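Asks:
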Amino acid sequence: METNVETNVQNSGKPSLFGMVLNPGEQFEKVKSNPKVWVPLMFVTLLFTIGMSLMAMSLDAETIQGQQAGAVPAEQEEMLMMIAKVTMAITGIFIAPFTALIYTVIYLIVAKIAGSPAGFKKLFSMITYTLVISGFGLILNSLLMMAFGGNEMVHYTSLAGLLGQGSGIMNGIEIFAIWQTILTAIGLQKVGEMSKGLSWTAAILLFIATVFIGALSGAAGTM
1 METNVETNVQ NSGKPSLFGM VLNPGEQFEK VKSNPKVWVP LMFVTLLFTI
51 GMSLMAMSLD AETIQGQQAG AVPAEQEEML MMIAKVTMAI TGIFIAPFTA
101 LIYTVIYLIV AKIAGSPAGF KKLFSMITYT LVISGFGLIL NSLLMMAFGG
151 NEMVHYTSLA GLLGQGSGIM NGIEIFAIWQ TILTAIGLQK VGEMSKGLSW
201 TAAILLFIAT VFIGALSGAA GTM
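Going by the UniProt record's numbering, the sequence shown opens with residue 1, and the numbers climb by one from there.
#1: Please name the residue, chosen from 26, 120 and 104, that lies closest to residue 206 on a Cα-to-Cα basis.
#2: For residue 199, which beta-bridge partners are listed by DSSP?
#3: Which residues in the same chain have their Cβ closer than 7 angstroms to the Cβ of residue 231, if we skip the five residues on either side of it in sequence?
#4: Do residue 25 and residue 196 have their CB atoms nearer than 8 angstroms?
#5: How about residue 145 and residue 53: do their beta carbons lie closer than 8 angstroms?
#6: Counting along the chain, where does the alpha helix (DSSP H) carrying residue 116 start and finish?
#7: For residue 203, tell me which candidate among 60, 187 and 213 has the shortest Cα-Cα distance.
#8: How would you label residue 142, buried or exposed, when you count the other beta carbons within 10 angstroms and need 16 or more for buried?
#9: Counting only beta-carbon atoms, is residue 99 nearer than 8 angstroms to chain D?
#10: Excluding the five sequence neighbours on either side, which residues of its own chain have a C-beta within less than 7 angstroms of the C-beta of residue 128, listed in chain order?
#11: Does the distance from the C-beta atom of residue 51 to that of residue 135 stay below 8 angstroms?
#12: Along the alpha helix (DSSP H) that carries residue 189, what are the first and last residues, could you check?
#13: Would a C-beta distance cut-off of 8 angstroms place residue 125 and residue 193 closer than the cut-off?
#14: Nearest to residue 123 by alpha carbon, out of 82, 150, 185 and 48?
#15: Could you check whether residue 48 and residue 95 sit closer than 8 angstroms to each other, using their CB atoms as the reference points?
#16: Rounded to the nearest angstrom, what separates residue 67 and residue 153 at their Cα positions?
#17: DSSP puts residue 158 in a beta bridge; with which residues?
#18: Would you decide whether residue 177 is buried or exposed? Buried here means 16 or more other CB atoms lie within 10 Å of its CB.
#19: Sort 212, 46 and 201 by Cα distance to residue 174 and report the nearest one.
#20: Helix, strand or coil: which one does DSSP assign to residue 40?
This is how it looks when you write it as structure tokens:
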């Protein structure tokens with residue numbers, strides 16, 4: 001009885017974003033009983049904004065213009081660079097909220113089909129907390145890009161970065177993305193109250209879909 005009381009008290013506290021790195025299971029229990037949205041969302045948004053701003057600083061004319069590099073006059077090239085960097089930095093503000101919303105809607109549909117009692121707020125909070133991993137990954141990759149150079153579109157921590165190849169699919173197979181997928185599966189079990197099989201299936205299928213969509217977007221951008 002005393003053990004149950006202590007566990008309930010422990011899980012009734014506020015979940016920690018940094019706790020997602022060392023003790024995600026405990027944080028998901030806290031999210032389940034005390035889902036937080038605005039503060040963690042603002043912090044994760046800040047991480048993505050910093051990461052995209054750092055990445056923007058590494059942009060060069062060749063990356064922006066692709067095969068047309070050098071075709072634009074110098075004065076226009078400078079303006080183009082500025083617009084591209086500002087746009088990339090501003091994009092960071094919207095990545096976290098948009099991603100959290102899309103993922104939440106998808107998992108909410110899965111939860112309703114599976115008969116899970118989890119609602120929108122709990123799932124949105126859970127997804128927001130898992131996004132902190134991607135935020136840290138983005139900042140790390142941006143810092144590595146600034147330090148060592150390379151293709152801004154290829155993450156150092158991806159399979160493409162490790163093998164030195166620019167494949168869109170291999171770029172999507174990335175350490176932090178896999179880490180977040182694992183946490184998402186655990187979160188769907190603990191917060192979404194889904195079965196273990198369904199949680200892992202839903203998380204992995206969305207990861208695969210994201211990888212292929214990213215690869216297609218990259219191919220379209222190149223064309």
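Beta carbons are placed, not taken as given, at the ideal position from N, Cα and C, and that holds for glycine. Given the structure is predicted, the values throughout are model-derived calculations rather than measurements.
Replies: The relevant details are as follows:
#1: Locating residue 206 in the sequence shown gives position 206, counting from the first residue. The candidate whose alpha carbon is nearest that of residue 206 is 104.
#2: Along the sequence shown, one-based indexing puts residue 199 at 199. Paired residues: none, contrary to the question.
#3: Residue numbering for the chain in the displayed model covers 1 to 223; residue 231 lies beyond these limits and cannot be assessed.
#4: Indexing the sequence shown from 1 puts residue 25 at position 25. Indexing the sequence shown from 1 puts residue 196 at position 196. Going by C-beta atoms, residue 25 is not nearer than 8 angstroms to residue 196.
#5: Stepping through the sequence shown from its first residue, residue 145 is reached at position 145. Stepping through the sequence shown from its first residue, residue 53 is reached at position 53. No, they are not a contact pair.
#6: Reading the sequence shown from its first residue, position 116 is the one you call residue 116. Here residue 116 belongs to no alpha helix (DSSP H), and DSSP marks it neither H nor E.
#7: One-based indexing of the sequence shown puts residue 203 at position 203. Out of 60, 187 and 213, 187 has the C-alpha closest to the C-alpha of residue 203.
#8: If you number the sequence shown from 1, residue 142 lands on position 142. Residue 142 should be labelled buried.
#9: Reference to chain D is not applicable here, since this structure consists of a single protein chain.
#10: The residue labelled residue 128 in the question sits at position 128 within the sequence shown. Spatial neighbours of residue 128 in its own chain (CB-CB distance under 7 angstroms, excluding positions within 5 residues in sequence) are listed in chain order as 37, 40, 41, 44 and 100.
#11: As a position in the sequence shown, residue 51 is number 51, starting the count at 1. As a position in the sequence shown, residue 135 is number 135, starting the count at 1. Against a cut-off of 8 angstroms, the Cβ pair of residue 135 and residue 51 comes out as a contact.
#12: As a position in the sequence shown, residue 189 is number 189, starting the count at 1. Unbroken alpha helix (DSSP H) run through residue 189: 175-190.
#13: Counting from one through the sequence shown, the residue named residue 125 turns up at place 125. Counting from one through the sequence shown, the residue named residue 193 turns up at place 193. No, they are not a contact pair.
#14: Mapped onto the sequence shown, residue 123 falls at position 123. Residue 185 is the option with its Cα nearest to residue 123.
#15: Working through the sequence shown from its first residue, we reach residue 95 at position 95. Working through the sequence shown from its first residue, we reach residue 48 at position 48. Cβ atoms of residue 95 and residue 48: closer than 8 angstroms.
#16: To locate residue 67, count along the sequence shown from 1; it is residue 67. To locate residue 153, count along the sequence shown from 1; it is residue 153. At residue 67, the pLDDT of 46 sits below 50, so the modelled position is not reliable; the number obtained from the coordinates is stated separately. Rounded to whole angstroms, residue 67 to residue 153 spans 15 angstroms at the Cα level.
#17: Translated into the one-based positions of the sequence shown, residue 158 becomes position 158. Residue 158 pairs with 174.
#18: Here residue 177 refers to the residue found at position 177 when the sequence shown is read from its first residue. Flag for residue 177 reads buried.
#19: For this step, residue 174 is matched to residue 174 along the sequence shown. The closest CA to that of residue 174, considering only 212, 46 and 201, is found on 212.
#20: If you number the sequence shown from 1, residue 40 lands on position 40. In the structure shown, residue 40 sits in a helix (DSSP, three-state: H, G or I).
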